[in-house]
Each structure stands twice: as structure tokens, then as C-alpha cells.
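Residue numbers (this note's numbering): 1 to 407.
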């Protein structure tokens with residue numbers, strides 16, 4: 001498997017387009033579209049928030065009930081959440097415009113929205129945006145990149161990746177893009193993400209692979225502890241790579257699972273590292289755990305600790321905050337057996353051994369914590385299990401961004 005250039009248009013048969021529809025933002029693109037030349041097997045995972053946006057309900061129905069999907073329409077600026085029957089009807093109207101333009105069945109058109117909650121979509125602008133994008137649909141890598149930029153809200157950079165691997169004599173490509181910067185918290189899926197592949201695979205196995213992989217990727221990130229109303233991951237597989245259809249968990253299935261994991265983990269880390277106002281990606285590894293569940297609980301507790309996040313922003317090796325966050329996580333462990341390390345491109349340093357501070361250099365620790373990517377590793381010496389979670393530091397700018405988000 002190798003990482004290649006591109007995103008959602010890297011796989012065979014996928015096209016993308018983007019436009020400035022004026023949904024909420026001015027002087028920037030705010031709509032994107034992904035279309036496959038042929039029908040796709042579709043899989044997805046969605047927010048666990050009880051308050052679900054209209055597009056989430058629409059896409060859940062398509063993933064569960066439709067025989068195939070072939071297009072996705074995404075808008076930024078307005079979330080179409082808490083908009084009642086009118087908002088849900090707008091999803092159908094969006095699909096109807098795509099049907100009119102491309103003759104794709106309405107029940108094969110997914111929709112996704114991100115932005116302010118509670119506002120109704122300006123359907124005249126959204127419909128005009130679709131009509132502008134259809135003639136511009138393009139399979140180039142540039143078109144995919146522009147689509148990844150168009151779906152941004154408070155993101156500071158676009159997020160995309162693609163990989164390739166071989167199944168027999170066939171080359172399979174998987175590409176993806178996502179947006180996410182705020183209202184990010186583990187519980188699937190904490191953002192909007194779209195993955196495309198030319199793999200031939202059954203719908204059932206595609207869904208199983210997606211559902212399993214989110215547990216170690218998107219469900220392991222947090223920016224601010226808020227689980228969004230719009231969280232959506234959609235995966236489309238159109239089969240154009242020409243491989244024998246994967247219908248059982250064989251070697252080919254495992255190759256796809258590994259590729260999917262690279263895509264999802266990379267996108268998840270890109271979101272955590274682009275948290276609103278953040279200056280650093282904060283990675284927490286818990287090793288030596290008795291079980292995977294224990295390691296997951298402990299690592300998540302640390303990345304969601306506001307005091308720990310503030311310490312990372314201040315480049316302060318305040319290890320007590322990390323041990324404290326582990327202690328209130330609900331997972332059982334012996335604090336007097338914990339070893340803790342900080343690591344970055346500037347080096348690695350052990351801070352505590354068996355729950356007690358070592359005579360480490362504060363100056364060296366600060367240097368290590370001043371890098372844009374910082375890792376804390378806690379060894380709890382109970383077993384062989386481990387887990388990794390990703391978050392970011394908590395800065396002044398996070399408050400500024402969210403204090404006037406609607407204006």
C-alpha cells in the first residue's frame with residue numbers, strides 16, 4: 001500500500017465539483033458535489049447525538065434502504081439541523097435537483113450540511129449551486145481538492161488523502177476528504193467525511209469494515225467535548241477497479257481494511273490537529289493496559305481534560321493533570337505503577353516513574369512540548385493492550401471563534 005496524491009477523485013470513476021452558492025459565506029466556495037459514473041455500494045456511520053440534523057436522517061435511510069448511492073451534495077455555512085419537517089423536505093428537494101440534472105434516482109443522492117444550527121437552507125441558492133456544479137464535474141485531482149476546500153467552516157486548511165494497493169493484478173484506490181475543527185468529540189463521527197473507492201465489495205462487508213474502523217479512528221478524537229448534530233461518514237465503492245467482488249473476510253478484505261484505516265486515521269488526526277484555535281496536535285497513548293476498553297477510556301479522558309489541554313498550550317509539563325484525568329476516567333488502574341513520557345520531534349523525556357516525578361529538566365520538557373505535534377505515553381503496566389487518542393491544545397482563540405460563530 002502506498003499513499004498517493006489526491007482525495008475523493010483519486011479512485012476510478014469519481015468526479016467532483018464545487019461552487020460559491022452564497023449559502024452563508026461571501027466570496028468563497030461553500031458547496032461541493034461528488035458523483036460516481038456508476039452506482040456504488042454505500043456504507044455510513046452517523047452521530048450518536050439524539051438531536052440529529054435532517055441530512056443525517058436522510059442519509060441513514062439511504063444507507064439502510066437504498067440498493068445503491070451515486071452522488072453526494074454538501075453545503076457549508078448552514079447545518080440544516082433543528083429545522084423540522086421543512087428541513088427534511090429540503091433534503092428531498094436537493095436530491096430532486098440532482099435527479100433532474102443527472103438522472104440519478106433521488107434515493108441514490110446523499111446530502112450533507114455543516115454550519116450554524118437552527119437556520120433553514122436558502123433552497124433557491126442551493127439548487128442554483130447544484131445546477132452550476134453539474135457541468136463542472138471533473139475527475140481531476142484538482143477538482144477533488146477544491147471540493148475539500150469548499151466544505152470547510154472554521155477549518156484553517158483542507159483535509160484529504162488517497163492510497164493505493166494491489167488485489168491480484170488489479171490496482172485499487174481509496175481516497176477521502178473531511179471537514180472538522182469544532183464541535184468535535186468521540187461518539188461517531190464528529191465531523192463530515194467522505195471516502196470513495198473503486199473496490200468491488202459487498203454492501204454488507206463494506207458496512208462492517210466502516211463500522212469497525214471508526215472505533216479506532218474518528219471515535220478517538222476530541223477537540224471540545226461537543227458531539228455534533230451532523231456527524232456523517234459516507235463511504236462509496238463503485239467496483240471499477242475490476243477486482244473479484246469481495247464477499248468474505250479473506251486476504252483481500254484485510255488489505256482494504258488496512259487501507260481504510262490509513263484513510264480514516266489520517267483524516268481524524270488532521271481534524272484533531274486543526275481544532276479551532278489550536279496550536280498543537282495532542283496524541284495520548286495508553287500502553288500496558290489490561291484490555292482495549294480500559295486503554296480507550298483512559299486515553300480519551302486525558303485528551304478531553306481542559307486543564308491538560310491548557311497545559312499543552314502553555315508548553316507546561318504538568319503531569320499531575322494527566323494522572324488526575326486518568327484517575328476520574330472510571331477505569332481501574334494503580335496510579336503508583338504508572339510511567340509517563342512526553343515526546344515530539346524535539347525528543348523524548350520520561351516525566352514520572354511508578355507514579356512519582358523524576359528529576360527531569362523542565363527546560364527540556366518545555367522544548368519538547370513546544371512542537372506542533374506532541375505525544376504523551378502512559379504505561380500502566382497491567383497487560384498488553386493499548387489505545388491511542390488524538391486531541392489538541394485549548395487556546396484563547398477557541399473562545400474567540402465560538403463566541404461569535406453565528407455572526
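We treat Cβ as the ideally placed atom computed from N, Cα and C, and that holds for glycine.
Nearest to residue 237 by C-alpha distance, out of 256, 229, 251 and 222, is 256. Following the DSSP letters along the chain, one finds residue 75 inside the beta strand (DSSP E) bounded by residues 69 to 78. Approximately 16 Å separates the beta-carbon atoms of residue 229 and residue 74; this is outside 8 Å, ruling out the contact. 195 is the residue among 357, 306, 195 and 373 whose C-alpha sits nearest the C-alpha of residue 12. Each residue's CA atom was taken as its position, placing residue 115 and residue 55 some 12 Å apart.
Short of 8 Å from the beta carbon of residue 104, and not among the five residues preceding or following it, lie these beta carbons of its own chain, in chain order: 35, 70, 71 and 98.
Measuring C-alpha to C-alpha distances from residue 124 to each of 280, 357 and 24 identifies 24 as the nearest.
Less than 7 Å divides the Cβ of residue 272 from the Cβ of residue 390. Going by C-alpha positions, residue 222 is about 16 Å away from residue 232. Secondary structure at residue 33: strand, using DSSP grouped into helix, strand and coil. Fewer than three Cβ pairs drawn from the segment 251 to 265 and the segment 335 to 354 lie within less than 8 Å of each other, which leaves the two stretches out of contact.
Within the model, the alpha-carbon separation for residue 193 versus residue 359 is close to 44 Å.
For residue 391, the enclosing beta strand (DSSP E) begins and ends at 385 to 392.
Closest option to residue 163, judged by alpha-carbon separation, among 324, 382, 353 and 267: 267. In this chain, the beta strand (DSSP E) harbouring residue 194 covers 192 to 197.
Secondary structure of residue 48 (DSSP, three-state): coil. Straight-line spacing of the CA atoms in residue 52 and residue 81 works out to 7 Å. The closest CA to that of residue 94, considering only 64, 134, 68 and 63, is found on 134.
Within the same chain, 301, 302, 305 and 308 come within 7 Å of residue 325 by CB-CB distance, once the 5 residues on both sides are set aside. DSSP places residue 110 inside the beta strand (DSSP E), whose first and last residues are 109 to 116. Fully enclosed beta strand (DSSP E) runs of no fewer than 3 residues occupy 339 to 344 of the segment 283 to 348, in order along the chain. At the C-beta level, residue 198 and residue 264 stay beyond 7 Å of one another.
The criterion of a C-beta distance shorter than 7 Å is satisfied by residue 129 and residue 31.
Bounds of the alpha helix (DSSP H) holding residue 263 are 251 to 272.
Distance check between residue 372 and each of 49, 283, 8 and 323 places 283 closest, using alpha-carbon atoms only. Take residue 46, set aside five residues on each side of it, and the residues of its chain with a beta-carbon closer than 8 Å to its own are 52, 56, 59, 60, 188, 189, 231, 232 and 233, in chain order. Closest option to residue 33, judged by alpha-carbon separation, among 132, 314 and 6: 132. A direct Cα-to-Cα measurement between residue 3 and residue 161 gives close to 8 Å. The residues 12, 13, 38 and 198, in chain order, have a CB closer than 7 Å to that of residue 240 in the same chain once the five nearest residues on each side in sequence are set aside. 204 is the residue among 219, 122, 211 and 204 whose C-alpha sits nearest the C-alpha of residue 246. Residue 296 is positioned such that its CB atom lies no closer than 7 Å to that of residue 385. In this model, residue 143 and residue 351 are separated by some 47 Å (Cα to Cα). Counting only residues of its own chain and dropping the five nearest sequence neighbours on each side, residue 243 has a CB closer than 8 Å to the CB of 167, 168, 170, 172, 199, 200 and 252. DSSP places residue 63 inside the alpha helix (DSSP H), whose first and last residues are 54 to 65. Under the three-state reduction of DSSP, residue 381 is assigned to coil, being neither helix nor strand. Burial state of residue 342 is buried, judged by a 10 Å Cβ sphere holding 16 or more other Cβ atoms.
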